[in-house]
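> The structure that follows is given in the form of structure tokens.
Residue numbers (my numbering), protein chains in the order written: chain A, 990 to 1306; chain B, 288 to 547.
Spelled out as structure tokens, the structure:
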């Protein structure tokens, strides 16, 4: 089919330059057709089904209550991730410490916070006043300098960021530890041979390179935290989900309002994904993700086995 | 400049160095030759305390490495800061280059002077540029390591080590990971450094280089020094069978197999 009736010893340069014709794959085309059909049917029901009440969705999408709830959700997510990352670095370093006591503390911290469900942790913090009436700062086991009532300190917002932040820090600690372990040990040796202290080497050489491995799972965690923040609705904290719940408890339009919330979560997640992509590019400088001649991304690990399209000059990419 | 006295070092019960003693005079080049696993790398890493010795002492410029001597000759391990300060005086070039991958060549070279010696940035950059030109890479100062060939990377590594103005430079098989064609450019740089009077200890398989440049050649095999002496004696008229064996094996590899 691809070869013309020209003699085989005389290659047609025009045909050569266009490359060989890709093989026809009937099975693949059938799967594509079935999937497209299925998707079109789903899309049709979504548009045509009146109980979705798209009008209500449109009405509440930009309402003040929803936007305020969205702002709270974003704030909780951001603060929790900051707390989680900062504590995560500290705990990761604890776990990798040469002191066995410090390492054990770090391990226990991660173990406890990863074991208890997030919802339970949130409720715990919210009800901290039941365990500790007051919080005081002073000499351990001695007189106090400052004094505060826990009931006043632990507002829903504080409980939310404590619960989410600490829970997040346990996972971030493991991600960061993995990133640091993944850096070539030769880098640390070279830094040491130059007379850099361990802390300096960590800050200037190891952590920047660890960021390349840390960024993708951290992006995951941010998105996870965004959705986990919906749990704070049990603390009566007016995040996006709770705001939507308040609205539909009054007008009984449950589905459209849940769609409003879902659409907002979707939009924010998409923006976070783009942000993650930009960040990955930035921390990857010097390391280089490969691109094929056609500009199509090939993961380095798969390049040898993935069937590639032949390039314009006929060379295999 | 460097003196090792009866150094012993083992890893997990396996002895790697047993009773190694050597002296390196300032301004001279000493080449360590020997089979893999013979202890060459370990000895170099003991000199800048990347590995602590199990027993014995290492002195650099008269000062004991890694330990501080107390009144009754008891030794106390140095603090990490003191060890780091010592390491700043001893430069090391690694077999795998170990350039900082997220920094350009220039940034690699200025990193330690700025952050360890607290040199002002402009001064560090000037010095670094001069060093990179000296190793023949003036045009590549803004390239990342992955954009450079192996020989170029190793030359940047040499410049990076030189930027700290070390008293002695340790080379751990600097050309073993390089294409044969690229070995020459690195050896040229090392030859120039030797001619400038830098004290160098080089673990290498390049016998030709050793013969040309080294004042002292030491054969290290099985964790002990088999033979040590002036280059022309050890390489051309070795006294021990083991030395002869090793040199013969090396030259056999270079010559094509002859029909027997």
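Cβ coordinates follow ideal geometry from the N, Cα and C atoms, glycine included.
Please tell me whether residue 1162/A and residue 1080/A are closer than 8 Å, where the distance is taken between their beta carbons.
yes
> Using a Cβ-Cβ cut-off of 6 Å (strictly less than) and excluding sequence neighbours within five positions of residue 1234/A, which residues of its own chain qualify?
Taken in chain order, the list of residues that qualify is empty.
> Taking Cβ to Cβ, would you say residue 438/B is nearer than 8 Å to residue 469/B?
Note that the C-beta distance between residue 438/B and residue 469/B is below 8 Å.
> Following the continuous beta strand (DSSP E) through residue 427/B, name the residue where it begins and the one where it ends.
From DSSP, residue 427/B is part of no beta strand (DSSP E); its letter is neither H nor E.
> Quick one: residues in its chain with C-beta nearer than 7 Å to the C-beta of residue 322/B, no 5 flanking neighbours on either side, listed in chain order?
So the list reads 508, 533, once near-sequence residues are dropped.
> If the cut is a Cβ gap below 9 Å, which residues of chain A does residue 398/B touch?
Think of a sphere of 9 Å around the beta carbon of residue 398/B: the chain A residues whose beta carbon falls inside it are 1180, 1183, 1185, 1193, 1194, in chain order.
> Classify residue 1074/A as buried or exposed, calling it buried when 16 or more other Cβ atoms lie within 10 Å of its own Cβ.
buried
> For the segment 360 to 377 of chain B and the segment 1147 to 1161 of chain A, state whether three or more C-beta atom pairs, one from each stretch, are separated by less than 8 Å.
no
> Give me the subset of the segment 326 to 359 of chain B whose CB atoms are less than 7 Å from a CB atom of chain A, sorted by chain position.
335, 337
> Report all residues from its chain with a CB closer than 8 Å to the CB of residue 230/B; omit the five preceding and five following residues, and keep chain order.
Outside the shown range of chain B (288 to 547) lies residue 230/B, about which nothing can therefore be said.
> Give the straight-line distance between the Cα atoms of residue 1164/A and residue 1229/A, rounded to the nearest whole angstrom.
28 Å
> Relative to the C-alpha of residue 452/B, which residue among 1021/A, 1184/A, 1201/A is closest?
Nearest to residue 452/B by alpha-carbon distance, out of 1021/A, 1184/A, 1201/A, is 1184/A.
> If you follow the beta strand (DSSP E) that residue 346/B is part of, which residue opens it and which one closes it?
342 to 347
> Please state whether DSSP places residue 507/B in a helix, a strand or coil.
Correct three-state label for residue 507/B: strand.
> Between residue 530/B and the rest of its own chain, which residues show a CB-CB distance below 8 Å, the 5 nearest in sequence each way excluded?
506, 513, 514, 521
> In chain A, which residues lie with their C-beta within 7 Å of the C-beta of residue 403/B?
1183, 1184, 1185
> Do residue 289/B and residue 455/B have their C-beta atoms closer together than 8 Å?
yes
> Residue 383/B versus chain A: which residues are under 7 Å apart at the beta carbon?
Ordered by position in chain A, the residues that pass the 7 Å Cβ test against residue 383/B are 1175.
> If the cut-off is 7 Å on Cβ atoms, which residues from the segment 1194 to 1213 of chain A count as contacting chain B, listed in chain order?
The residues in question are 1194, 1197, 1198.
> Pop quiz: residue 1103/A and residue 1095/A are said to be a contact at Cβ under 8 Å. What is the actual Cβ separation, rounded to whole angstroms?
Incorrect: roughly 12 Å between the Cβ atoms, too far for contact.
> For the alpha helix (DSSP H) that contains residue 400/B, what are its first and last residues?
392 to 402
> Are residue 1065/A and residue 1211/A touching if we call contact CB-CB under 8 Å?
no
> By DSSP, does residue 475/B sit in helix, in strand, or in coil?
helix
> Output yes or no for whether 8 Å exceeds the beta carbon distance between residue 473/B and residue 442/B.
Yes; because the gap between Cβ atoms is below 8 Å, this pair is in contact.
> Which residues in the same chain have their Cβ closer than 8 Å to the Cβ of residue 293/B, if we skip the five residues on either side of it in sequence?
306, 307, 308, 342, 343, 344
> With 16 other CB atoms within 10 Å as the buried threshold, where does residue 497/B fall?
buried
> In chain A, which residues lie less than 9 Å from residue 387/B when you measure between Cβ atoms?
1176, 1179, 1180, 1193, 1194, 1197, 1198, 1275
> Rounded to whole angstroms, what's the CA-CA distance from residue 1216/A to residue 1015/A? Just pull it up for me.
40 Å
> Between the segment 1173 to 1190 of chain A and the segment 1104 to 1123 of chain A, do at least 3 Cβ pairs fall closer than 8 Å?
no
> Taking residue 403/B as the reference, which of 1193/A, 1223/A, 1144/A has the closest Cα?
1193/A
> So what does residue 333/B bridge to, in DSSP terms?
The partner list for residue 333/B (beta bridge, DSSP) is empty, contrary to what the question assumes.
> Any heavy atom of the ligand GTP closer than 7 Å to the Cβ of residue 505/B?
Absence of the ligand GTP is noted for the structure shown, with no ligands found whatsoever.
> Would you say residue 408/B lies against chain C (beta-carbon separation less than 8 Å)?
Checking the listed chains, one finds no chain C in this structure; the protein chains it contains are A and B.
> Looking at chain B, which residues of the segment 1076 to 1102 of chain A have a Cβ within less than 8 Å of any of its Cβ atoms?
none
> Per DSSP, what kind of secondary structure is residue 354/B in: helix, strand or coil?
strand
> So, under 8 Å CB-CB, residue 419/B and residue 392/B are touching, yes? Tell me the CB distance rounded to an integer number of Å.
6 Å
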